[in-house]
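In the numbering used here, the protein residues as written are 309 to 708.
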Ligand code: FEO
């Protein structure tokens, strides 16, 4: 194996440990990641391990192939790559595999069995791939790669790679954040920001997969880990306890006594009810957050629902059903299935209702415990009806 140093530029490359390099790409400008609003961009992390054998863990989104290759080539010739490990088939990680194999001609592709199938679907049946059933471990010389399947964290094919000699976990989507930065490590960035991004990522990508994630966390309990290198965002080398404890709390559905009020309004009536409910909640000393859907994005709302105890949904009736923004939000939330929540409906209608029935059906389908409410008002709520909404706010506040 030949190592190429270009005028000492190799020192510009970030090393996690001696001989383990970050060779990924920074996507500063992505703002929508399959429907998730990524206000801080993201990174696609790939890691190069240089030993007697050379292995690359994951690749990057296809359009970032040149950036990844530029980094790898500062360290080794591509023909010296012995292994390409695909921890996950989703194209943000596998998107450069086919192009890379065309130039890294000596590399063997390794994936889980489901990963092998997924890669063939995406990149063609002729893609040669060894499964981790055939090679559950690989010796690189002084280091070993151990492959651990973690199905549904985030897809059925997902796996992680562990290097016991460094106690380093290459965790793919788990513990990631959509966060573009010129820094690579947790102790180099603002802790509050990075935890917020980790929370937003968990809530919007994997919240409904709490079961498999809980199993994976249990499996990791017996493994010594000193560093976690996910495939998005920064690498955890100092604050491992902080992110692992946060994951445990999210998996368990632990919540704060906080109420999220999500609504939209046509002529202001539903908004009047939202404000009256909030007044009642505040009067009991409980925290409340209001989101008008026409001014908000689902990503932020779901992130805040993750650790709130209750979510109240407000909608006018339009065409005998839900207001479109509310319907869209409920569909998004139903897929992500926040755990252990209380919920209720409020709203307004003209000559015939419909929003309440549909919203309550969606809340039940989401697994939210429905609190009976009688807050669907004709046209514009009267003062008496607004007082009723204030009282309902107080009731909810006492429940959380
Ligand atoms: Fe970052 Fe599930 O891919």
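Beta carbons are placed, not taken as given, at the ideal position from N, Cα and C, and that holds for glycine.
Just so you know, these numbers come straight off a predicted model, no measurement behind them.
Take residue i and list the residues in its own chain whose beta-carbon comes closer than 6 Å to its own, dropping the five residues that flank it on each side.
i: residue 512; result: 344, 607 and 610
i: residue 694; result: 584
i: residue 673; result: 642
i: residue 319; result: With a pLDDT of 39 at residue 319, under the threshold of 50, the predicted position of this residue should be treated as unreliable, and no value is reported.
i: residue 406; result: 431
i: residue 573; result: 579
i: residue 524; result: 458 and 461
i: residue 619; result: 568, 613, 649 and 651
Let me check you understand the geometry: is the CB of residue i closer than 7 Å to at least one non-hydrogen atom of ligand 1?
i: residue 690; result: no
Work out the CA separation of residue j and residue i for me, nearest whole Å.
i: residue 602; j: residue 688; result: 20 Å
i: residue 358; j: residue 327; result: 5 Å
i: residue 452; j: residue 612; result: 40 Å
i: residue 375; j: residue 403; result: 13 Å
i: residue 661; j: residue 637; result: 19 Å
i: residue 462; j: residue 507; result: 15 Å
i: residue 323; j: residue 510; result: 27 Å
i: residue 685; j: residue 476; result: 57 Å
i: residue 311; j: residue 355; result: Unreliable positioning characterises residue 311 in this predicted model, as indicated by a pLDDT of 46, which lies under 50. The coordinate reading is nonetheless provided below. One C-alpha to the other measures close to 16 Å.
i: residue 467; j: residue 590; result: 45 Å
i: residue 540; j: residue 697; result: 43 Å
i: residue 690; j: residue 633; result: 25 Å
i: residue 426; j: residue 398; result: 8 Å
i: residue 561; j: residue 413; result: 47 Å
i: residue 346; j: residue 701; result: 32 Å
i: residue 529; j: residue 433; result: 37 Å
i: residue 682; j: residue 621; result: 13 Å
i: residue 445; j: residue 454; result: 5 Å
i: residue 631; j: residue 666; result: 10 Å
i: residue 692; j: residue 652; result: 20 Å
i: residue 679; j: residue 669; result: 13 Å
i: residue 625; j: residue 369; result: 42 Å
i: residue 575; j: residue 600; result: 13 Å
i: residue 564; j: residue 361; result: 49 Å
i: residue 486; j: residue 505; result: 6 Å
i: residue 659; j: residue 571; result: 20 Å
i: residue 543; j: residue 554; result: 16 Å
i: residue 449; j: residue 456; result: 20 Å
i: residue 394; j: residue 595; result: 44 Å
i: residue 471; j: residue 527; result: 15 Å
i: residue 704; j: residue 617; result: 10 Å
i: residue 514; j: residue 558; result: 10 Å
i: residue 447; j: residue 400; result: 27 Å
i: residue 387; j: residue 372; result: 20 Å
Going along the chain, which residues of its own chain have a beta-carbon closer than 7 Å to the beta-carbon of residue i, five neighbours each way excluded?
i: residue 598; result: 569, 582 and 586
i: residue 441; result: 421
i: residue 415; result: 389, 390, 391, 392 and 409
i: residue 484; result: 509, 538, 539, 540 and 541
i: residue 488; result: 334, 335, 336, 348, 349, 350 and 351
i: residue 436; result: 417
i: residue 532; result: 475
i: residue 623; result: 571, 572, 578, 630, 631, 634, 655, 663 and 667
i: residue 443; result: 418
Using C-beta distances below 8 Å, list every residue in its chain close to residue i, excluding the 5 sequence neighbours before and after it, in chain order.
i: residue 643; result: 516
i: residue 321; result: 329, 330, 331, 379, 382 and 383
i: residue 706; result: 592
i: residue 396; result: 366, 402, 423, 462, 463, 465, 466, 467, 480, 481 and 539
i: residue 640; result: 343, 606 and 610
i: residue 520; result: 458, 459, 460 and 461
i: residue 495; result: 545, 546 and 547
i: residue 503; result: 550, 551 and 554
i: residue 439; result: 418, 419, 420, 421, 423 and 424
Complete beta strand (DSSP E) runs within the region 635-670 (minimum length 3 residues, chain order): 650-657
Pocket of ligand 1 (residues with CB nearer than 5 Å to any heavy atom), chain order: 398, 400, 462 and 481
Whole runs of the alpha helix (DSSP H) within the region 351-434, excluding any shorter than 4 residues: 373-381, 399-402, 405-411 and 421-431
Any beta strand (DSSP E) of 3 or more consecutive residues that is wholly inside the region 546-594: 564-571
Minimum length 3: unbroken beta strand (DSSP E) runs contained in the region 315-345: 323-325, 328-330 and 333-335
4-residue-minimum alpha helix (DSSP H) runs that sit fully inside the region 465-520, ordered along the chain: 499-509
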